[in-house]
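Visitor: For the first sequence, the tail end lands on 313 under the working numbering, and the numbers increase by one without skipping. Glycine included, each C-beta is placed from N, C-alpha and C at the ideal position. Pasting in a structure now, in structure tokens, and then I'll have a few things to ask.
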Amino acid sequence: MPELPEVETVRRTLAPVLGARVSSVWWSGKNLRLGKPLALPALRKASKGATFEGFRRLGKYLILDLQDRPKSILVHLGMSGRFRHFPPDVSQPAHTHVEWGLEDGRTLRFTDPRRFGNVELVTRGRERDHASLAKLGPDPIDGVVDVAEFQQACSRTKRPIKVALLDQSLVAGVGNIYASEALWQAHIHPKTPACKLSRPRCDRLVQAVRQVLERALMHGGTSLKDFVSADGHAGEHSHYLWVYDREDEACPNSACSGTIRRFVQQQRATFYCPRCQKY
DNA sequence: AGACAAACCTGTCTGC
DNA sequence: TGCAGACAGGTTTGTC
């Protein structure tokens with residue numbers, strides 16, 4: 035579900051709990067990602083009595099820093115995860131798995147029906163020691179994606195560019211929706227082997243990735259079903275998607291009379307225009 | 001290296 | 001109305 039724009043939207047809308055102090059930590063007892071239990075005692079030790087000092091994002095991962103504490107909280111929303119703050123006395127939504135009670139009565143909750151998401155601890159300042167964070171490529175919104183490096187990375191793999199984009203090492207934060215969107219904007223066929231991309235096309239793709247993500251962020255992210263920001267608002271970007279979930283519709287490129295097609299790559303749906311996206 | 005499938009889960013939609 | 005089956009924004013792991 036949540037790709038970079040959605041996670042960044044959550045990060046930004048967490049601002050009202052900056053400086054709030056944690057008074058309690060609760061866990062549903064249900065396993066999260068890959069059936070692993072939450073290390074509740076460690077999470078309690080890390081966060082109880084501490085105040086939230088800052089919220090960061092690395093790719094699709096959210097990092098919650100606590101003042102004067104060596105451990106930070108690492109959150110991934112998986113497909114259906116939500117991370118929200120609530121005013122006092124709002125009862126727990128279904129599928130809440132982790133809840134931080136704040137001293138002022140508010141709560142911070144991680145809710146996830148499918149439990150593909152995760153909450154764990156990372157050592158502050160050594161986040162990149164975490165295997166999942168170590169392999170993340172440059173961030174197209176926070177950082178700069180160097181086109182020469184991007185092309186170099188592409189040249190090392192024959193995988194189709196759509197598949198390569200989903201691997202978080204090329205660039206961080208692109209998921210299934212925005213991979214299709216960016217390739218459409220760059221006029222690149224999703225099956226093009228990554229190693230065949232010329233420098234100008236890499237240039238176009240890097241730009242398209244950044245623009246697609248920024249545009250989605252501007253709309254508060256895409257809500258197909260589950261996604262809401264940390265203050266509970268759905269994103270508006272689904273109304274602005276060009277190709278994702280638009281099979282059989284006309285290509286939105288006004289200079290093209292093609293029809294959007296859908297096929298499956300790596301068990302994921304890909305949408306593209308066979309007329310204006312070339313190998 | 002990469003294609004492919006399965007695993008972790010529940011909710012929702014479709015077709016019969 | 002009910003039920004079975006397909007499918008969903010992500011990541012990891014294993015096989016061939």
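Report the three-state DSSP secondary structure of I222 (helix, strand or coil).
Guide: Strand, per DSSP.
Visitor: Please state whether DSSP places E154 in a helix, a strand or coil.
Guide: E154: strand per DSSP, three-state reduction.
Visitor: Hey, how far is the Cα of H119 from the Cα of G93?
Guide: Those two C-alpha atoms are separated by around 22 Å.
Visitor: I believe P147 touches S114 by the beta-carbon criterion, under 8 Å. Please report the beta-carbon distance rounded to the nearest angstrom.
Guide: Confirmed, about 5 Å.
Visitor: State yes or no: is the C-beta of E40 within less than 9 Å of the C-beta of L100?
Guide: Cβ atoms of E40 and L100: not closer than 9 Å.
Visitor: Excluding sequence positions up to five away, which residues of its chain have a Cβ less than 6 Å from the Cβ of A228?
Guide: Excluding positions up to five away in sequence, the list reads C188, T191, R193, I195, A198.
Visitor: Are the Cβ atoms of W134 and T145 separated by less than 9 Å?
Guide: No, these two residues do not count as a Cβ contact at 9 Å.
Visitor: Helix, strand or coil for K105, going by three-state DSSP, please let me know.
Guide: DSSP places K105 in strand when its eight states are reduced to three.
Visitor: Taking the C-alpha atoms as reference points, what is the distance between I294 and V56?
Guide: Rounded to whole angstroms, I294 to V56 spans 49 Å at the Cα level.
Visitor: For S57, which of helix, strand or coil comes out of DSSP?
Guide: In the structure shown, S57 sits in a strand (DSSP, three-state: E or B).
Visitor: Of the residues P286, D237, L170, Q301, which one's Cα is nearest the Cα of P308?
Guide: Selected option, being the one with the closest Cα: P286.
Visitor: Does the beta-carbon distance from R103 to S81 come in below 9 Å?
Guide: Cβ atoms of R103 and S81: closer than 9 Å.
Visitor: Can you give the Cα-Cα distance for S272 and Y278, rounded to whole angstroms?
Guide: Using only the alpha carbons, I get a separation of about 9 Å.
Visitor: Which of the three DSSP states, helix, strand or coil, is assigned to V262?
Guide: V262 falls in the coil class under three-state DSSP.
Visitor: So if DSSP puts Q299 in a beta bridge, which residue, or which two residues, is it bridged to?
Guide: Note: Q299 sits in a beta bridge opposite R302.
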